[in-house]
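Working notes, beginning with the structure itself.
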Amino acid sequence: MGSDSPYWNPKTETLDRERLEALQLAKLRRQCDWAAARSPWYKRAFAQSGFSPDQLRSLADLRRIEPLTRSDWMASQAEHPPYGELPTIDGAGAIRVHTTSGTTGQGPLRALDSRKDWAWIAEMWCYALWGCGVRPPDTAYVAFGYGSFIGFWGLHYAVEKVGVLNVPGGAQSTEARVRQIVDFEATVVASTPTYALRLAQEAHSLGLDLRESAVERVILSGEPAGSIPVTKALIEEQWGAKAFDTAGMTEIGTIMVFECAHQPGGTHIIEDHFIEEVLDPDSLAPVGYGERGERVVTSFGRGAIPLLRYRTADLVCRVPAARCSCGRGFDIYEGGILGRADDMKLVRGTNVYPRAIEAVVREHLEVDEFQTRITRDGIRDEITLLVELKPGWDSSRWDRLADDLHRELGLAFEGLNFRIECARAGELPRFELKAKRTVDLRDVPMGAAR
Amino acid sequence: MTIEDLIGSPLTDTEKRLLGVYCELKALCGEDLDPVAAANVRAALALMHTAVCSLGLVYEHLSDLGV
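Dropping the structure here:
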């Protein structure tokens, strides 16, 4: 196909299922051999479970390997600081260490990478950038803090690898970032969904209309919201640009899914570099196409930290590649990452997912920011939605808005009675990375946390 | 040199050339080079590895070469 290919890697992106799985099996055998030989963790885990890489005769044999959990990794780090026993190399053999953002409250994981691993991390982002149409002579603005959280570091290198002009937006105020996006005539912007909305809000307050800017594509990552249709539509409306979802995690170092230019309502799995299983989170039995389950990932990329059957807690619904007209053989997560099993809150017997709340709230364009607070009054749980209105919005219409939100959230959550309260302008927190809009105060002494 | 990729397809002429460059860089990495050459050969090898691995020509890790 050559340089005008719509695919970054035409050879593997268009493989049929049989050949794609043959490639995965070939890589899996080698990765398991490597892990067994070099990782103290896997050497012991394989011996304890009686698994040997030569038992891998088909992809189904992958299930002979015990899943790895974040708790396993954390415990190993605690017992063998600072990196635990998963890595195949020590700090001297690596060129970089990153940490998780620590949003689950367990402290950060530390992930070592070699030079080769970093080349691969950027490569996964190239699949996404190329797949959604980013090309020279685009100019990309990376609205990211460039800290120890891995975030958009991989995208930063991928932008340069693809040959696109890179404007790193680290250590900037939101106002300065908006001005740079306009001044540099950026055609591509990378940010979290929450921060894309924050940038648009800031532009509005500066009297700038991003719809008149050069931006054509917004690359989203870091939160499930990039595939919530109403949030995505809001971002596209405020930027006058197409929004493309991706998702990744520090534990694998990069992204594993991306939304292609055909936008099939979900994200393609980069299946030549990952095996993604979707399992029932309780029984760990595989679920079929179209059923919701937990992502369990096996990565072929990292050599420093082989990741075999890692339980991600991400909830997904996998559908066949044919759902998209782009011609890729890579299956799709319909609706992207649907939420996290550990984000789910049980309130009066009802499962409450932050993503589902956002899907309701974002339907109301007058909402500027919001927060869900869960409290306990005696033995009774209460759930309250605090809403901050857009500046200039007619507050006499608050009662109508509150009634609408109360009714719609009740319909979405089995009749659960949400209290709806109006927050003062600027009262609720804003976010640059992963938004945390659900605050569970049930096990926290009053006044100890917000 | 390998004549098939990981799923048994014959290599194209371009793939053979890419694999040749990769193997040459690996060989250079095993030599005692001046810092200027050693560091840049390792950087080049990391990128060439990504190409041949993504094309399914080889699958291996390069820690033993410092890459």
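If you're matching them up, the sequences are chains A and B in order. Take 0 as the starting number for the first sequence in numbering that gives the first Met the number 0 and just add one per residue. Take 0 as the starting number for the second sequence in numbering that gives the first Met the number 0 and just add one per residue. Cβ atoms here follow ideal geometry from the backbone N, Cα and C, with glycine treated the same way. Predicted model only: the values in this text are computed from it and were never measured.
When only Cα atoms are considered, Ala46 of chain A and Arg37 of chain A end up about 14 Å apart. For Asn8 of chain A, the residues of chain B that pass the 8 Å Cβ criterion are Ser53, Leu54, in the order they occur in the chain. Glu276 of chain A and Ser8 of chain B have their C-alpha atoms some 27 Å from each other. Close CB contacts of Gly221 of chain A within its chain, under the 7 Å cut and outside five residues either way in sequence, are with Gly150, Thr191, Leu432, Lys433 (chain order). Within 7 Å of the CB of Arg16 of chain B, no CB atom of chain A is found; the nearest one sits about 15 Å away.
Contact check between the region 16-29 of chain B and the region 215-233 of chain A: fewer than three CB pairs, one atom from each, fall below 8 Å, which does not count as touching. Counting other Cβ atoms within 10 Å of its Cβ, Arg396 of chain A stays below 16 and is therefore classed as exposed.
Residues of chain A whose Cβ lies closer than 7 Å to the Cβ of Thr49 of chain B are, in chain order, Ala118, Trp119, Glu122. For Gly252 of chain A against Arg301 of chain A, the beta-carbon gap comes to about 6 Å, under 8 Å, which counts as contact. Listed by position along chain A, the residues whose Cβ is nearer than 7 Å to that of Ile2 of chain B form an empty set, because the closest Cβ is around 15 Å away.
At a cut-off of 7 Å between beta-carbon atoms, Ala45 of chain B makes contact with chain A. Bridge partners of Lys241 of chain A according to DSSP: A:Arg216. Under the 10 Å beta carbon count, Ser51 of chain A is surrounded by fewer than 16 other beta carbons and is classified as exposed. Partner residues in a beta bridge of Val161 of chain A, as assigned by DSSP, do not exist. Neighbours of Arg29 of chain A across chain B, judged by C-beta separation under 8 Å: Tyr58, Glu59. Here Phe143 of chain A has Gly150, Phe151 as same chain residues with Cβ atoms under 6 Å from its own Cβ, once five neighbours each way along the sequence are excluded. Taking Cys52 of chain B as the centre and dropping the five residues before and after it, the same chain places the C-beta of Tyr58 closer than 7 Å to its C-beta, in chain order. Contact annotation: the region 79-92 of chain A does not touch the region 119-136 of chain A, with fewer than three C-beta pairs closer than 8 Å. Listed along chain A is no residue with a C-beta nearer than 7 Å to that of Ala36 of chain B; the closest approach is about 15 Å. DSSP places Gln30 of chain A in the uninterrupted alpha helix (DSSP H) bounded by 16-37.
By the 16-neighbour rule on beta-carbons within 10 angstroms, Gln23 of chain A is buried.
Put simply, of A:Cys131, A:Ala189, A:Asp116, A:Val366 the residue whose alpha carbon is nearest the alpha carbon of Gly425 of chain A is A:Val366.
The C-alpha of Arg347 of chain A is placed about 16 Å away from the C-alpha of Pro353 of chain A. For Leu5 of chain B, at least one C-beta of chain A is nearer than 7 Å to its own C-beta. Taken in chain order, the unbroken stretches of alpha helix (DSSP H) that lie wholly in the region 60-85 of chain A and span 4 residues or more are 69-78. Taking C-alpha positions only, Arg69 of chain A is separated from Gln200 of chain A by approximately 36 Å.
DSSP places Ser53 of chain B inside the alpha helix (DSSP H), whose first and last residues are 34-53. Comparing C-alpha distances from Phe148 of chain A to each of A:Ala175, A:Gly162, A:His155, A:His97 shows the shortest one belongs to A:His97. Interface annotation, Val40 of chain B: not in contact with chain A, CB-CB separation never under 7 Å. Straight-line spacing of the CA atoms in Gly49 of chain A and Leu67 of chain A works out to 16 Å.
The continuous beta strand (DSSP E) containing Asp367 of chain A extends over residues 366-376. Apart from sequence neighbours up to five positions away, the residues of its chain that approach Pro9 of chain A with a beta-carbon distance below 7 Å are Met0, ordered along the chain. At least one beta carbon of chain B lies nearer than 7 Å to the beta carbon of Ile88 of chain A. For Gly292 of chain A, the uninterrupted beta strand (DSSP E) run begins and ends at 291-298, by DSSP. Within chain A, the residues placing a beta-carbon under 7 Å from that of Val66 of chain B are Ser113, Arg114, Lys115, ordered along the chain. Under the DSSP assignment, Leu196 of chain A falls in the alpha helix (DSSP H) whose first and last residues are 192-204.
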